[in-house]
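Numbering (the numbering used here), first residue to last: 4 to 127.
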């Protein structure tokens with residue numbers, strides 16, 4: 004999946020995956036990611052969390068997509084911050100899943116919390 008993930012490559016996102024249902028994505032905040040307040044645009048923080056979510060829910064094999072995603076921003080991220088998004092499965096049932104993602108700086112300060120609901124695509 005990573006080889007074809009042009010968005011992650013373009014933003015310098017690196018994926019680590021150890022166990023099914025989990026994934027870690029890292030990204031460094033660049034000048035192009037800053038909003039008019041000089042902090043990381045929330046869309047990029049959401050994108051990082053959504054990316055970790057995507058790799059966690061696709062770790063079982065079947066193609067799985069986001070059904071919904073919600074983020075709560077807790078603190079701003081600044082230019083040069085390396086952000087780490089850690090996704091963990093909460094439950095899988097039928098073709099559905101629920102995943103939580105915590106986005107932190109490398110010093111452990113929490114930037115955002117994300118919850119995603121996944122859905123395996125229909126078999127063809």
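In this text, a Cβ means the ideal position worked out from N, Cα and C, and glycines have one as well.
Backbone CA spacing between residue 114 and residue 28 [nearest angstrom]: Here the alpha carbon of residue 114 sits roughly 14 Å from the alpha carbon of residue 28.
Quick check on residue 15: does DSSP put it in helix, strand or coil? Judged by DSSP in its simplified three-state form, residue 15 adopts coil rather than helix or strand.
Quick check on residue 3: does DSSP put it in helix, strand or coil? Past the edges of the chain, shown from 4 to 127, lies residue 3, and the structure says nothing about it.
Does residue 71 come out as helix, strand or coil in the three-state DSSP assignment? The answer is strand: DSSP assigns residue 71 an E or B state.
Can you name the start and end residues of the beta strand (DSSP E) that residue 39 belongs to? Taken as a continuous stretch (DSSP letters only), residue 39 belongs to no beta strand (DSSP E), as it is neither H nor E.
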